[in-house]
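Numbering (the working numbering), first residue to last: 22 to 373.
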């Protein structure tokens, strides 16, 4: 295993970046991709994701090529990808997965890159030529990726970024207007998602109580933002709330990004949508467990320095539990949300 400092940047003409994950995983990786682009301006960068990250990859501009490893039901596509890796076309493989991933490990094994860099993991290390120290338990993802950038001699700015396709902004404006969400006041989107991860999902009853308080606040317009297949779950929240609210979605990922850019605040759990809001410059209020607050959400280490360049503040309330957000009290969430609303009022007033 060679020291990372021996990777000669001038010899790297083609890079393949493995990021096998979902929306949030891809967006959190965007500062590292930007750092890689600046460090290796001559290189062609390919971003390799799984199917669950394919839509997010289309919003990332610091990649020249987007590849996807598909399920076993798409053998021809995966054979073409395997041939690409075996061809030796790429010089550097960068695996962003901080823990062992069987898929990423297999792709690294297939690759004939001269240099393969990742975190040191509990197993599978022999598939790579270069390693950095494994992540600390409470080390933020952006801090982990900063260490990968440092290992390559790349300058790193922890600013998430996505590119919204032309035409999506107007479509998002129309989607909001169709629900009467185009007037004055604070526009607050509520995304109660992450329904598949029990411990990352604040109970519907509590969300309903918080929504009732927020929607009654002066000058605040709340609406529910939905992902695919979440319509019935949203109706259950509204039924517990005892009143009607506009329900927007589901929308495409690009249109969701454009919509988030037009609102004043997103209220959510630990979700990929929260990362998307941060990337488009919208303040967030998140309800978190200890792990998601420390490792995934915002503000992250180093982001304080961005506040003078238009980077908004982000707010959260966290449970004392490391693994779950479910015991966060409504009273505590409301106190934190009021602080976020006050900030958004002053921010909107300053921009007027």
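Virtual Cβ for every residue (Gly too), placed ideally from N, Cα, C.
Can you tell me which residues form a DSSP beta bridge with residue i?
i, result
"residue 116", "39"
"residue 136", "113"
"residue 308", "338"
"residue 245", "211, 268"
To the nearest angstrom, report how far apart residue i and residue j are at their CA atoms.
i, j, result
"residue 126", "residue 111", "17 Å"
"residue 347", "residue 309", "8 Å"
"residue 51", "residue 154", "21 Å"
"residue 128", "residue 140", "15 Å"
"residue 214", "residue 72", "20 Å"
"residue 131", "residue 106", "6 Å"
"residue 57", "residue 30", "10 Å"
"residue 360", "residue 369", "14 Å"
"residue 343", "residue 222", "14 Å"
"residue 147", "residue 205", "58 Å"
"residue 12", "residue 245", "The structure shown does not extend to residue 12, since the chain is modelled only from 22 through 373, so no value can be given for it."
"residue 458", "residue 228", "Lying outside 22 to 373, the shown extent of the chain, residue 458 is not represented and no answer is given."
"residue 200", "residue 292", "24 Å"
"residue 218", "residue 255", "16 Å"
"residue 230", "residue 136", "53 Å"
"residue 302", "residue 211", "16 Å"
"residue 362", "residue 138", "43 Å"
"residue 366", "residue 207", "7 Å"
"residue 145", "residue 102", "21 Å"
"residue 99", "residue 357", "47 Å"
"residue 237", "residue 276", "28 Å"
"residue 181", "residue 149", "27 Å"
"residue 119", "residue 156", "7 Å"
"residue 113", "residue 28", "9 Å"
"residue 235", "residue 251", "21 Å"
"residue 36", "residue 65", "6 Å"
"residue 243", "residue 364", "16 Å"
"residue 196", "residue 240", "21 Å"
"residue 11", "residue 117", "Residue coverage of the chain in this structure runs from 22 to 373, which leaves residue 11 outside it and unanswerable."
"residue 183", "residue 97", "30 Å"
"residue 94", "residue 124", "15 Å"
"residue 289", "residue 232", "11 Å"
"residue 158", "residue 172", "20 Å"
"residue 85", "residue 33", "15 Å"
"residue 315", "residue 274", "26 Å"
"residue 177", "residue 317", "17 Å"
"residue 355", "residue 333", "20 Å"
"residue 202", "residue 258", "20 Å"
Can you list, in chain order, the residues of its chain with a C-beta nearer than 6 Å to that of residue i? Leave out the 5 residues immediately preceding and following it.
i, result
"residue 38", "68, 115"
"residue 322", "161, 164"
"residue 349", "308, 338, 340"
"residue 319", "299, 335"
"residue 279", "185, 189, 190, 193"
"residue 54", "83"
Take residue i and list the residues in its own chain whose beta-carbon comes closer than 7 Å to its own, dropping the five residues that flank it on each side.
i, result
"residue 70", "40, 41, 47, 78, 89"
"residue 174", "30, 60"
"residue 312", "343, 344"
"residue 143", "121"
"residue 351", "227, 230, 231"
"residue 104", "none"
Residue range of the beta strand (DSSP E) that residue i falls in?
i, result
"residue 70", "65 to 71"
"residue 153", "151 to 153"
"residue 288", "286 to 289"
"residue 183", "It is not in any beta strand (DSSP E) - residue 183 carries neither H nor E in the DSSP assignment."
"residue 87", "86 to 90"
Taking only beta-carbon positions, decide if residue i is within less than 8 Å of chain C.
i, result
"residue 316", "Absent here is chain C; the protein component of the structure consists of one chain."
With respect to 7 Å, is the separation between the Cβ of residue i and the closest non-hydrogen atom of the ligand NAD below this value?
i, result
"residue 179", "Only the bare structure without any ligand can be found here, which leaves the ligand NAD out of the picture."
At what residues does the alpha helix (DSSP H) containing residue i begin and finish?
i, result
"residue 28", "Taken as a continuous stretch (DSSP letters only), residue 28 belongs to no alpha helix (DSSP H), as it is neither H nor E."
"residue 365", "351 to 372"
"residue 189", "189 to 198"
"residue 99", "96 to 107"
"residue 162", "162 to 172"
"residue 256", "252 to 262"
"residue 345", "Careful: residue 345 lies outside any alpha helix (DSSP H) and carries neither H nor E."
"residue 223", "No alpha helix (DSSP H) holds residue 223; DSSP gives it neither H nor E."
Grab me the residues of residue i's own chain with a C-beta within less than 8 Å of its C-beta, minus the 5 sequence neighbours each way, in chain order.
i, result
"residue 62", "none"
"residue 353", "338"
"residue 294", "44, 212, 214, 246, 248, 277, 281, 287"
"residue 108", "133"
query = Okay, do the stretch 63 to 78 and the stretch 86 to 105 touch, 3+ Cβ pairs below 8 Å being the bar?
reply = Counting Cβ pairs under 8 Å, three or more are found: they touch.
query = Counting pairs of Cβ atoms below 8 Å between the stretch 265 to 273 and the stretch 298 to 308, do you hit three or more?
reply = Under the Cβ criterion (8 Å, minimum of three pairs), the stretch 265 to 273 does not count as touching the stretch 298 to 308.
inquiry  = Below 8 Å, how does it come out for the stretch 188 to 199 and the stretch 222 to 233: are there three or more Cβ pairs, yes or no?
reply    = Not touching, per the Cβ criterion.
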